[in-house]
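Following: one structure in structure tokens, then a few remarks.
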Amino acid sequence: MSFISGNLPGLDLIISDVFFPTEDGLLILQEVTTKFGIPTVIMASSADASTVMKYVANGAADFLLKPVRIEELRNIWQHVFRKQMREHNNNNIMVGNNLERSYPPPPIAMAPAATTRTAAEASTPQEISEVRDINSNNGEITDIRDLRKSRLSWTAQLHRQFIAAVNHLGEDKAVPKKILGIMKVKHLTREQVASHLQKYRLHLKKSIPSTSRDGTTLPSTALNTQNHPSRSKYFDQDVCMEITDYSLPKDDLSSGSECKLEEQNDYSLEDFQDFRWDSDKQEYGPCFWNF
DNA sequence: TACGCAATAT
DNA sequence: AATATTGCGT
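Position 8 of the first sequence, counted from 1, bears residue number 8 in UniProt numbering, the numbering being contiguous throughout.
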């Protein structure tokens, strides 16, 4: 059975966004990669090991997590090169290995048909075993990228800084740009603050719907955390460290993708562990202040 | 240009 | 569910 009639134009490489891995979709992927021999790279904003395996097992040459940076794209031609090597020389082990060493390792996995990723590229013993698992087609894929969070998590600490900025400015003056300036968090965007502010205001509206009779608002009430037991859990915590830097890559080449945020300051990982993006941390996970 | 807000997307 | 984006009126 063939999904594709006629010949595909002279494509050297296909970079595709994820599609639902239905049986048909995966068969098309197989046909493109095997019958037509076009290396196909899949992009996704997130993926677990089984998802990646699903595509790789069906012929995907690579699996890129968005946001895709230019450095990742610069090496993507390797897949075309490997394909040509496969066609012109069945015994390409030496050349393949030399090529492997000449360039940064591929992000996650390569097609089983392609040259296997060498263990020398893995830095830790654990990663070595993981690489072997990938190539043996039965194991967990673990990559640092798997931990990459694509969206900002408003941790209690970060929210505290947000609130501090809002309180400092006052109700009327608290606009995203000024909040951003006061928070002093590198790479935090105005849009992110605006989004959070919008949600925060909605919360205040619900939580404190009434104003005083003469129409004046109650700024101290509205913005004073102490008056809201439901939020005290977040507001009453002492600030033990200021979050000052979140990185937001500007070179995202994947369309419509979310952006990665990561720490980029000088704190050691241990010092920073309470403020990681991991949402599965109970204590410092996403801020649910009853919005 | 920035803002605010609702709707919508991821 | 939380956050991001978009669209449109100020």
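Virtual Cβ for every residue (Gly too), placed ideally from N, Cα, C.
Quick caveat: nothing in here was measured; it's all calculated off a predicted structure.
**Asked** Are three or more beta carbon pairs between the stretch 42-52 and the stretch 15-25 nearer than 8 angstroms?
**Response** yes
**Message:** On the DSSP letters alone, give me the boundaries of the alpha helix (DSSP H) that Thr51 sits inside.
**Reply:** For Thr51, the enclosing alpha helix (DSSP H) has its first and last residue at Ala49 to Ala57.
**Straight-line Cα distance separating Gln161 from Ala47** = 32 angstroms
**Prompt:** Taking DSSP as the reference, what is the three-state secondary structure of Thr124?
**Reply:** Reliability fails at Thr124, whose pLDDT of 33 lies under 50, so the model's placement of it is uncertain and no value is given.
**Request:** Return yes when the Cβ of Asn58 is within less than 8 angstroms of the Cβ of Leu11, no when it is not.
**Result:** no
**Request:** To the nearest angstrom, report how far apart Lys83 and Pro39 are at their CA atoms.
**Result:** 7 angstroms
**Prompt:** Mapping DSSP to helix, strand and coil, what is Lys186?
**Reply:** strand
**Prompt:** Between the Cα of Ile151 and the Cα atoms of Lys66, Phe36, Val56 and Leu8, which residue gives the shortest distance?
**Reply:** Looking at the sequence itself, residue 151 is Arg, so the reference to Ile does not match. Ranking the options by Cα distance to Arg151, first place goes to Lys66.
**Message:** Just to confirm the assignment, what range does the beta strand (DSSP E) spanning Leu64 have?
**Reply:** Where Leu64 is concerned, the enclosing beta strand (DSSP E) stretches over Asp62 to Leu65.
**Request:** For the alpha helix (DSSP H) containing Val166, list its first residue and its last residue.
**Result:** Ala156 to Leu169
**Message:** Measuring straight from C-alpha to C-alpha, what distance separates Asn89 and Trp77?
**Reply:** 18 angstroms
**Asked** Considering Met43, what are the terminal residues of the alpha helix (DSSP H) in which it resides?
**Response** It is not in any alpha helix (DSSP H) - Met43 instead sits in the beta strand (DSSP E) that spans Thr40 to Ala44.
**Request:** Have a look at Gly6, Tyr200, Ser195 and Lys54 and flag the residue whose alpha-carbon is nearest the alpha-carbon of Lys35.
**Result:** Gly6
**Backbone secondary structure at Ile28 - three-state DSSP** = Residue state for Ile28 is assigned as helix, using DSSP reduced to three classes.
**Message:** Using only CA atoms, which one of Glu31, Arg201, Leu64 and Ala164 lies nearest to Val185?
**Reply:** Of the candidates Glu31, Arg201, Leu64 and Ala164, Ala164 places its Cα closest to the Cα of Val185.
**Prompt:** According to the neighbour-count rule (16 or more other Cβ atoms, all chains shown, within 10 Å of its Cβ), is Glu71 buried or exposed?
**Reply:** The residue is exposed, with fewer than 16 neighbouring Cβ atoms inside 10 Å.
**Proximity to Ala194 [Cα-Cα], best of Gly181, Ser207, His187 and Lys177** = Lys177
**Request:** Pick out whichever of Ala61, Leu13 and Ile182 has its Cα sitting closest to the Cα of Leu169.
**Result:** Ile182
**Backbone CA spacing between Asp154 and Val52 [nearest angstrom]** = Strictly speaking, residue 154 in this sequence is Trp, with Asp absent from that position. Cα to Cα, Trp154 sits roughly 28 angstroms from Val52.
**Asked** Between Val175 and the ligand FAD, is the CB less than 7 angstroms from at least one heavy atom?
**Response** With respect to small molecules bound, the structure shown includes none, and the ligand FAD cannot be examined in it.
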